[in-house]
Ligand SMILES: [Zn+2]
């Protein structure tokens with residue numbers, strides 16, 4: 012064995028999704044390089060460290076990019092807007108309630124579910 | 122020094138095909154065999170690409186099935202699956218196999234059917250395609266594949282001022298090139314107005330910014346440097362770069378940078394001992410018009426932010442200073458996922474031999490192919506050179 016100690020409380024997807032459904036957006040912050048993500052992984056995607064702390068992400072952020080999906084996959088009804096939202100040091104993909112442009116401020120207000128998998132919904136503030 | 126050589130290249134017309142995967146692949150493989158003058162028993166291994174056959178046609182253990190179907194029974198045969206970069210990755214492994222001395226002559230290629238011939242309509246196929254985005258962090262939001270590239274492109278537009286007209290010019294150019302390619306899915310020209318008037322798929326992309334669902338197959342015979350000497354028309358593989366970027370896309374540092382393409386390109390250029398300035402033309406993964414713009418920058422053909430204006434100024438046209446997608450690209454030639462990567466290499470081979478017919482460029486010596494898969498994650502970049 013070598014390298015960093017695994018985090019005792021490694022945030023896995025099931026826990027992340029459960030908390031998301033309860034209205035809390037969890038992420039991870041790497042103890043080695045400081046990289047923050049809203050899509051928890053088993054190790055840091057930037058440096059490979061397994062010492063990563065679970066953090067609660069801010070619920071208000073800024074639209075980094077967005078698109079309105081007109082042709083939806085089976086199981087979805089178009090149109091709807093999705094966006095990459097910057098929350099502090101992390102970015103996350105979510106659904107938009109209403110419409111936004113890049114740079115707009117949004118806050119995490121709800122969850123949509125597809126095939127039992129939740130995704131965050133953001134609303135302009 | 123060549124890492125390997127392509128000594129035979131073949132592909133089907135891209136479009137709508139009733140033929141099942143084995144027959145479609147055989148057409149491309151035999152085209153490549155006949156081009157090289159080789160017979161099936163001389164092929165030592167099959168490196169094969171198919172991305173979605175399990176979902177689209179309930180067909181999964183394809184490599185030995187296809188090896189048997191084309192007279193290469195018993196050879197080591199393996200399937201590669203990297204979304205839309207599937208057969209470029211198969212090709213990379215074929216190059217490594219002949220370079221290492223493991224084999225002398227191998228077949229690399231791919232096949233895919235994406236049209237309603239599979240029995241799947243637009244909604245179902247849209248769902249199949251988005252299986253290449255992150256299952257937990259992207260699919261539940263209702264992201265689509267056009268949506269992935271729309272998010273990257275909208276950010277590019279925001280940062281650099283790229284316009285919808287710039288994007289439409291890419292479609293117009295590739296449609297024109299497609300009219301000169303008898304194997305292209307689309308053989309008709311279009312205009313900026315027609316692109317901008319077509320329905321929105323995922324903004325900024327109109328239907329005419331998107332490549333079509335296509336069926337087709339492609340294959341190349343890859344030979345070691347030594348074995349290539351006994352073939353008539355070898356074209357040399359000078360460099361192959363392969364990199365991946367972080368998934369999901371929200372974790373990328375800079376969305377429009379398509380970092381994996383930059384990393385793969387620098388590997389390929391370094392191996393080839395060349396730079397972007399010395400590239401005569403490029404086949405680029407233009408699944409969406411914005412993808413071509415971002416790729417021309419990632420490959421170093423234009424400065425960051427200059428890709429859109431360069432396309433609009435005609436610099437990437439057949440008679441421009443850096444022709445991009447003389448074949449018509451994915452946009453007009455078509456995009457049967459697993460066949461796309463090696464089809465780009467078929468175009469490089471034919472152009473570098475001077476055998477590209479009406480769309481033949483003026484004596485190109487060095488070209489680059491860029492094949493991208495997933496949410497801008499897998500990228501394979503290949504540099505090929507004409508024999509002097
Ligand atoms: Zn780290």
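Residue numbers (the numbering used here), protein chains in the order written: chain Z, 12 to 136; chain E, 122 to 509. Note that the Cβ used here is the ideal one computed from N, Cα and C, for glycine as well.
Interface flag, residue i vs chain Z, CB-CB below 8 Å
i: residue 276/E; result: yes
i: residue 248/E; result: yes
i: residue 260/E; result: yes
i: residue 333/E; result: no
i: residue 91/E; result: Residue 91/E lies beyond the stretch modelled for chain E, which goes from 122 to 509, so this question has no answer here.
i: residue 251/E; result: yes
i: residue 485/E; result: no
i: residue 263/E; result: yes
i: residue 245/E; result: yes
i: residue 172/E; result: no
i: residue 204/E; result: no
i: residue 369/E; result: yes
i: residue 257/E; result: yes
Below-8 Å beta-carbon distance, residue i vs any chain E residue
i: residue 13/Z; result: Unreliable positioning characterises residue 13/Z in this predicted model, as indicated by a pLDDT of 39, which lies under 50. The coordinate reading is nonetheless provided below. Output row for residue 13/Z: interface = no.
i: residue 104/Z; result: yes
i: residue 87/Z; result: yes
i: residue 82/Z; result: yes
i: residue 42/Z; result: no
i: residue 69/Z; result: no
i: residue 113/Z; result: yes
i: residue 77/Z; result: yes
i: residue 130/Z; result: yes
i: residue 117/Z; result: no
i: residue 147/Z; result: In the structure as shown, chain Z begins at 12 and stops at 136. Residue 147/Z is therefore absent and cannot be evaluated.
i: residue 66/Z; result: no
i: residue 136/Z; result: no
DSSP beta-bridge partners of residue i
i: residue 492/E; result: 501/E
i: residue 128/Z; result: 125/Z
i: residue 48/Z; result: 39/Z
i: residue 102/Z; result: 97/Z
i: residue 234/E; result: 336/E
i: residue 167/E; result: 198/E and 228/E
i: residue 80/Z; result: 91/Z and 323/E
i: residue 249/E; result: DSSP output for residue 249/E lists no bridge partner at all.
i: residue 296/E; result: Its beta-bridge partners do not exist; DSSP assigns none.
i: residue 343/E; result: 127/E and 227/E
i: residue 193/E; result: Its beta-bridge partners do not exist; DSSP assigns none.
i: residue 173/E; result: For residue 173/E, which the question treats as bridged, DSSP gives no partner whatsoever.
i: residue 159/E; result: None; residue 159/E has no bridge partner.
i: residue 116/Z; result: 73/Z
Beta carbon nearer than 6 Å to a non-hydrogen atom of ligand 1: Qualifying residues come out as 41/Z, 43/Z, 44/Z, 46/Z, 55/Z, 57/Z, 58/Z and 60/Z.
message: Quick check: the region 400-415 of chain E against the region 443-460 of chain E, are at least 3 beta-carbon pairs closer than 8 Å?
response: yes
task: Say whether the region 220-239 of chain E touches the region 169-189 of chain E, bearing in mind that this needs 3 or more beta-carbon pairs closer than 8 Å, one atom from each stretch.
output: yes
- prompt: In the region 183-196 of chain E, which residues sit with their C-beta less than 8 Å from some C-beta in chain Z, listed in chain order?
  reply: none
- prompt: Is the region 317-324 of chain E touching the region 467-475 of chain E, taking contact as three or more C-beta pairs under 8 Å?
  reply: Judged by Cβ distances under 8 Å, the region 317-324 of chain E makes no contact with the region 467-475 of chain E, as fewer than three pairs qualify.
task: Report the residues of the region 265-297 of chain E with a CB closer than 8 Å to any CB of chain Z, ordered along the chain.
output: 265, 267, 268, 271, 272, 273, 275, 276 and 279
message: Below 8 Å, how does it come out for the region 59-70 of chain Z and the region 267-282 of chain E: are there three or more Cβ pairs, yes or no?
response: By the Cβ test, the region 59-70 of chain Z is not in contact with the region 267-282 of chain E, since fewer than three Cβ pairs between them sit closer than 8 Å.
- request: Check whether the region 287-306 of chain E touches the region 324-332 of chain E, taking contact to mean three or more Cβ pairs, one atom from each stretch, closer than 8 Å.
  value: yes
message: When you compare the region 120-132 of chain Z with the region 435-446 of chain E, are there three or more beta-carbon pairs, one atom per stretch, that lie closer than 8 Å?
response: no
- prompt: Taking one C-beta from the region 208-219 of chain E and one from the region 454-464 of chain E each time, how about it: are there three or more such pairs within less than 8 Å?
  reply: Output reads yes: the region 454-464 of chain E touches the region 208-219 of chain E.
Contact set between the region 372-390 of chain E and chain Z, restricted to residues whose Cβ is under 7 Å from the partner: 372 and 376
message: At a CB distance below 7 Å, what residues from the region 25-54 of chain Z approach chain E? Give them in sequence order.
response: 48, 49 and 50
- prompt: Three or more C-beta pairs closer than 8 Å, one from the region 333-346 of chain E and one from the region 365-374 of chain E: is that the case here?
  reply: Three or more beta-carbon pairs separated by less than 8 Å are not found between the region 333-346 of chain E and the region 365-374 of chain E, which leaves the two stretches without contact.
query: Do three or more CB pairs link the region 369-381 of chain E to the region 183-198 of chain E at distances below 8 Å?
result: no
- prompt: Counting pairs of Cβ atoms below 8 Å between the region 88-100 of chain Z and the region 261-268 of chain E, do you hit three or more?
  reply: The answer is yes - the region 261-268 of chain E touches the region 88-100 of chain Z, with three or more Cβ pairs under 8 Å.
Contact the region 195-208 of chain E vs the region 495-503 of chain E: 3+ CB pairs below 8 Å: yes
task: Pull out every residue of the region 314-325 of chain E whose Cβ sits closer than 9 Å to any Cβ of chain Z, in chain order.
output: So the close ones are 320, 321, 322, 323, 324 and 325.
- prompt: When Cβ atoms are compared, which residues of the region 218-243 of chain E fall closer than 8 Å to chain Z?
  reply: 243
- prompt: Closer than 7 Å, Cβ to any Cβ of chain Z: which residues of the region 428-453 of chain E, in chain order?
  reply: So the list is empty, because no residue satisfies the distance condition.
field: Three CB pairs or more closer than 8 Å across the region 127-139 of chain E and the region 278-288 of chain E
entry: no
message: Any contact between the region 246-259 of chain E and the region 406-419 of chain E? By contact I mean 3 or more CB pairs, one from each, below 8 Å.
response: Contact between the region 246-259 of chain E and the region 406-419 of chain E is absent, because fewer than three Cβ pairs lie under 8 Å.
message: Quick check: the region 69-79 of chain Z against the region 233-253 of chain E, are at least 3 beta-carbon pairs closer than 8 Å?
response: No, the region 233-253 of chain E is not in contact with the region 69-79 of chain Z.
query: Is the region 123-130 of chain E in contact with the region 300-315 of chain E, if contact means three or more CB pairs nearer than 8 Å?
result: Under the Cβ criterion (8 Å, minimum of three pairs), the region 123-130 of chain E does not count as touching the region 300-315 of chain E.
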